[in-house]
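Q: At the far end of the sequence shown sits residue 292, using my numbering, and the numbering has no gaps.
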Amino acid sequence: MASMAFDTLQYARRLRAAGFPEPQADVQAELMAEAFGFYAENLLTRDHFTEVLNARFGEFGALMDARFAAQDARMDKRFAEQDAKFEKRFAEQDARMDKRFSEQDAKFLGCFVDQNAGFEKRFGKLERTLFLHTWMLGILVLVMVIPQLQVWLG
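(1) What's the C-alpha gap between Lys237 and Arg227?
(2) Can the beta-carbon of Ala150 be found less than 7 Å from the beta-carbon of Ala167?
(3) Name the two residues that bound the continuous alpha helix (DSSP H) containing Ala211.
(4) Check Ala155 in the structure and name its three-state DSSP category.
(5) Counting C-beta neighbours from all protein chains within 10 Å, is the total for Ala163 16 or more, i.e. buried, or is it exposed?
(6) Tell me whether Asp145 sits in a helix, a strand or coil according to DSSP, three-state version.
(7) When the distance is taken between beta carbons, is Thr188 closer than 7 Å to Ala171?
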């Protein structure tokens, strides 16, 4: 710490020259020396000021870091809660959609079964009709071919 130079002897001489009695000038010079010494020792220096500021800024930085960490933790927790809510809603939506698709599949299968039964019934009728037409055509051919064969052979 830098000390201040205070010449008590010169101060006392000046007081005596100004008209102060010698004992009073000496006492006042000693008191001034003590006062300057006290203030010089308690004088705030740039280094001390820098140390105090660095310490305070360090405390402030640590406090801000702690607050930001707490805020980050709260934000992470809230985002996790929101993610869980969204996942739950998506799962519920998927379940509803799967159920509806299953219902639609069952409905379509029922329609296809009914349609297939109708087709089978119609194809059965057509097969009987074709069978009948085949026999009728065969009879017609026989009716027309037999007389011609008799003419050729006979």
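No residue lacks a Cβ here, since even glycine has one placed at the ideal position from N, Cα and C.
A: For this structure:
(1) The straight-line gap separating the alpha-carbon atoms of Lys237 and Arg227 is approximately 15 Å.
(2) Yes, they are a contact pair.
(3) 184-291 is the extent of the alpha helix (DSSP H) around Ala211.
(4) Three-state result, Ala155: helix.
(5) That one is buried.
(6) Three-state result, Asp145: coil.
(7) Not closer than 7 Å, so no.
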